[in-house]
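Colleague: Can you read through this structure? Questions will come right after.
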Amino acid sequence: MAGTLDLDKGCTVEELLRGCIEAFDDSGKVRDPQLVRMFLMMHPWYIPSSQLAAKLLHIYQQSRKDNSNSLQVKTCHLVRYWISAFPAEFDLNPELAEQIKELKALLDQEGNLRHSSLIDIDSVPTYKWKRQVTQRNPVGQKKRKMSLLFDHLEPMELAEHLTYLEYRSFCKILFQDYHSFVTHGCTVDNPVLERFISLFNSVSQWVQLMILSKPTAPQRALVITHFVHVAE
1 MAGTLDLDKG CTVEELLRGC IEAFDDSGKV RDPQLVRMFL MMHPWYIPSS QLAAKLLHIY
61 QQSRKDNSNS LQVKTCHLVR YWISAFPAEF DLNPELAEQI KELKALLDQE GNLRHSSLID
121 IDSVPTYKWK RQVTQRNPVG QKKRKMSLLF DHLEPMELAE HLTYLEYRSF CKILFQDYHS
181 FVTHGCTVDN PVLERFISLF NSVSQWVQLM ILSKPTAPQR ALVITHFVHV AE
């Protein structure tokens with residue numbers, strides 16, 4: 001089925017979902033991992049994750065009526081792949097997690113331990129700490145002198161610090177944040193993305209400050225050269 005999908009002409013969500021299921025063999029090996037990962041990552045543009053999980057549950061139930069054991073096990077392999085590839089979605093989306101638990105409960109009720117063992121949502125770690133946005137609390141804090149001058153750092157050292165900040169910020173952003181921004185055109189009720197944008201605006205302003213704080217053109221040129229090396 002995955003090989004018959006004509007992605008150039010476009011496919012329905014149902015066709016893509018079927019293609020992803022058929023991308024697995026009975027042992028769980030993925031023949032087309034690029035298609036499966038792309039669909040699981042991008043599907044929220046077209047259908048909520050909880051509805052996609054409901055479709056998987058329906059497909060499994062229908063395949064059980066049709067005595068299609070191969071389709072049942074492939075469906076479970078797709079669910080397992082989804083959980084392992086995007087675990088944060090299941091921790092931060094209770095409705096999605098509930099749908100998958102319903103499928104696992106159905107498997108347990110049937111006594112189908114082989115299929116049930118493929119779906120382990122309870123082992124998904126918590127990702128709520130990644131979504132926490134720190135709040136500044138100036139009350140009771142001692143005033144201290146802070147410097148934004150990093151003249152003592154080599155370009156490579158400064159680049160490592162900035163890359164670390166970038167990495168930490170990117171780790172907190174989920175697909176739903178980008179989706180919300182595109183849908184609403186702003187960062188309202190999206191504190192993680194708002195803080196991410198604010199961070200890089202601040203870095204840009206800081207670079208400008210470092211350059212403009214120098215009184216002469218040659219000195220400013222040296223600072224610009226320094227940051228060119230940082231970028232490299």
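Numbering (the UniProt record's numbering), first residue to last: 1 to 232.
Note that beta-carbon positions come from the ideal geometry of N, C-alpha and C, so glycine has one too.
Quick caveat, the model's predicted, so the values are computed rather than measured.
#1: Beta-carbon within less than 7 Å of residue 40's beta-carbon, same chain only, minus the 5 sequence neighbours each way: which residues are those?
#2: My output table needs one value for residue 24: the three-state DSSP class, helix, strand or coil.
#3: By the three-class DSSP mapping on this structure, what secondary structure does residue 218 have?
#4: Return the CA-CA distance between residue 102 and residue 232, expressed in angstroms with no decimal places.
#5: Considering residue 201, what are the terminal residues of the alpha helix (DSSP H) in which it resides?
#6: Excluding the 5 residues flanking residue 242 on each side, which residues of the same chain have their C-beta closer than 7 Å to its C-beta?
#7: Please report how far the alpha carbon of residue 115 lies from the alpha carbon of residue 107, in whole angstroms.
#8: Run through the DSSP bridge pairs and tell me what residue 30 is partnered with.
#9: Excluding the 5 residues flanking residue 129 on each side, which residues of the same chain have their C-beta closer than 6 Å to its C-beta?
#10: For the alpha helix (DSSP H) holding residue 59, just list the boundary residues, first then last.
#11: What span of residues does the alpha helix (DSSP H) with residue 170 cover, start to end?
#12: Evaluate contact between the segment 23 to 34 and the segment 58 to 77, counting only Cβ atoms and requiring at least three cross-stretch pairs below 8 Å.
#13: State the DSSP-derived secondary structure class of residue 98, mapped to helix, strand or coil.
#14: Give the single residue among 185, 34, 181 and 199 whose Cα lies nearest to the Cα of residue 164.
#15: When the Cα atoms are used, what is the spatial distance from residue 186 to residue 51?
#16: Count the other C-beta atoms from every protein chain shown that fall within 10 angstroms of the C-beta of residue 196, then say buried if there are 16 or more, exposed otherwise.
#17: Can you tell me whether residue 123 is helix, strand or coil according to DSSP?
#18: Going by Cα to Cα distance, which pick from 194, 57 and 161 is closest to residue 173?
#19: Among the residues of its own chain, which have a CB less than 8 Å from the CB of residue 181, if the five just before and after it don't count?
Modeller: Taking the structure as given:
#1: Only residues of its own chain outside the window of five on either side were considered, and among them 82, 85 and 86 have a CB closer than 7 Å to the CB of residue 40, listed in chain order.
#2: Strand at residue 24.
#3: Reduced to three states, the DSSP call for residue 218 is helix.
#4: Spanning the two alpha carbons is a distance of roughly 51 Å.
#5: Secondary structure note for residue 201: its alpha helix (DSSP H) is the uninterrupted segment 191 to 212.
#6: Summary: the structure shown does not reach residue 242, with the chain confined to residues 1 through 232, and so no result is reported for it.
#7: Approximately 7 Å, taken between the alpha carbons.
#8: Under DSSP, residue 30 shares a beta bridge with 24.
#9: Low confidence applies here, because residue 129 scores a pLDDT of 49, under 50, leaving its location unreliable and the question unanswered by this model.
#10: Start and end: 49 to 65.
#11: Start and end: 155 to 172.
#12: Using a C-beta cut-off of 8 Å, the segment 23 to 34 makes contact with the segment 58 to 77, since at least three inter-stretch Cβ pairs fall below that distance.
#13: For residue 98, the secondary structure class from DSSP, reduced to helix, strand or coil, is helix.
#14: For residue 164, the closest of 185, 34, 181 and 199 by C-alpha to C-alpha distance is 199.
#15: So the two alpha carbons sit approximately 26 Å from each other.
#16: So residue 196 counts as buried.
#17: Coil, per DSSP.
#18: Closest by C-alpha distance to residue 173, out of 194, 57 and 161, is 194.
#19: Answer for residue 181: 187, 190 and 193, listed in chain order.
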